[in-house]
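Here the structure is laid out as structure tokens; the discussion comes afterwards.
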Amino acid sequence: MHWAVQEECVRLLIKNGANIKMRTFSCATPLYIACGEGNAKLADYLIQQGANVNEQVGQDDKTTPMMLASMYNYLQVVEVFLKYEGDMEIKDEEGKIALFHAAKTDSKEIIKLLLKKGAKKTIVSKSGKKLTDILNGDQNNNNMDFEGA
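22 is the number of the first residue of the sequence shown in the working numbering; add one for each residue after it.
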């Protein structure tokens with residue numbers, strides 16, 4: 022089921038009793054995989070079928086599907102999570118929230134959306150990195166003004 026990321030295949034599998042909470046060897050769920058593919062329609066369907074919008078996935082990093090979508094700049098997927106009241110403040114193993122992941126990959130539209138929806142911009146990661154560090158100088162984000170995000 023995990024690799025059948027086409028909506029009709031997933032619908033058929035679920036109709037015939039497939040477990041939407043099943044995990045791969047790396048602990049990924051079907052919802053997490055759909056998010057990694059940027060498939061907002063499938064993510065929406067899986068959540069409707071009972072997939073946990075806030076489930077932390079992965080053996081080591083404990084990221085959420087919203088973090089993954091933020092990291093890959095999948096705006097429509099992030100919008101699905103917000104529609105279902107996905108928690109923007111869940112921290113991964115490094116203490117980072119979805120907003121950190123969006124900032125790290127210069128996902129400007131997602132940054133703006135998360136801030137508009139109330140994401141905390143004062144969060145500090147376990148390593149002491151602040152969101153402003155990422156937005157105002159780290160990586161390739163030199164042109165993004167944090168206050169204007």
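Ideal Cβ positions, reconstructed from N, Cα and C, are used throughout, including at glycine.
Indicate the three-state DSSP secondary structure (helix, strand or coil) for Lys151 in the structure shown. strand
Grab me the residues of Trp35's own chain with a C-beta within less than 7 angstroms of its C-beta, minus the 5 sequence neighbours each way, in chain order. Note on identity: in this sequence residue 35 is Ile, with Trp being the wrong assignment. Excluding residues within five positions, the ones whose Cβ falls inside 7 angstroms are Ile41, Gln70.
Phe46, enclosing alpha helix (DSSP H) - first and last residue: Boundaries cannot be given for Phe46, as no alpha helix (DSSP H) includes it and DSSP labels it neither H nor E.
Measure the beta-carbon distance from Lys138 to Met92 and round it to whole angstroms, keeping in mind my assumption that it falls under 8 angstroms. Actually they are not in contact, since the Cβ atoms of Lys138 and Met92 sit about 17 angstroms apart, beyond 8 angstroms.
Is Gly78 helix, strand or coil when you go by DSSP? It should be noted that the sequence gives Val, not Gly, for residue 78. In this structure, Val78 counts as strand in the three-state DSSP scheme.
Run of the alpha helix (DSSP H) containing Lys141, from where it starts to where it stops: Taken as a continuous stretch (DSSP letters only), Lys141 belongs to no alpha helix (DSSP H), as it is neither H nor E.
Alpha carbons only, please: which of Leu103, Leu135, Ile155 is nearest the one belonging to Thr126? Ile155
In chain order, what residues of the same chain have a beta carbon less than 6 angstroms from the beta carbon of Lys147, not counting five sequence neighbours either side? So the list reads Glu115, Gly116, once near-sequence residues are dropped.
What residues in its chain sit with their C-beta under 6 angstroms from that of Ala90, if we drop five residues either side in the sequence? Cβ neighbours of Ala90 beyond the five flanking positions: Cys56, Val98, Val99.
Output the distance between the C-alpha atoms of Leu103 and Ala39, rounded to the nearest integer angstrom. 26 angstroms
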